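Sequential numbering of the sequence shown, starting at 29, is according to our numbering. Backbone N, C-alpha and C fix where the C-beta goes; we use that ideal spot for every residue, glycine too. None of the values given here were measured: they were computed from a predicted structure. The next block holds one structure in the form of structure tokens; read it before the comments.
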Amino acid sequence: MRRSAPARHGRRRGRRHAPARGTSTRTHALSRFLVAELLRPHYFDLTAARRALGFAPPIGFDAGIAELTRSRSARDDSGETPF
């Protein structure tokens, strides 16, 4: 005769032995769609948002790229992992 524990006990036990949050070693499979999306160039046009909503980005493209470059450089210098 096989015995089984109620599902709630299994969930508790799994939680106790699971890796800490943010340290999962699980990887996600790359689908053809995801690979295609990652390889395809993406361009975004804000014209419609500006016209319909009066939207203006709080920081310009060039300033944003400069800030990204500075933050990446600082992170690389500190040895911090990118993700």
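Alpha carbon to alpha carbon, what distance is there between residue j and residue i?
i: S101; j: L81; result: 35 Å
i: S106; j: R98; result: 12 Å
i: R103; j: A94; result: 14 Å
i: A57; j: V63; result: 10 Å
i: P85; j: H70; result: 18 Å
i: P79; j: L67; result: With the sequence shown as reference, residue 79 is identified as Arg, and Pro is not the correct amino acid for it. Straight-line Cα distance between these residues: approximately 30 Å.
Can you list, in chain order, the residues of its chain with a C-beta nearer than 8 Å to that of residue i? Leave out the 5 residues immediately preceding and following it.
i: A91; result: none
According to the Cβ coordinates, are residue i and residue j closer than 8 Å?
i: F83; j: L74; result: yes
Can you tell me whether DSSP reads residue i as helix, strand or coil?
i: A76; result: helix
i: T97; result: helix
Taking 7 Å as the cut-off, is the beta-carbon of residue i closer than that to any non-hydrogen atom of the ligand FMN?
i: A80; result: What this structure holds is no ligand at all, so the ligand FMN is not there to describe.
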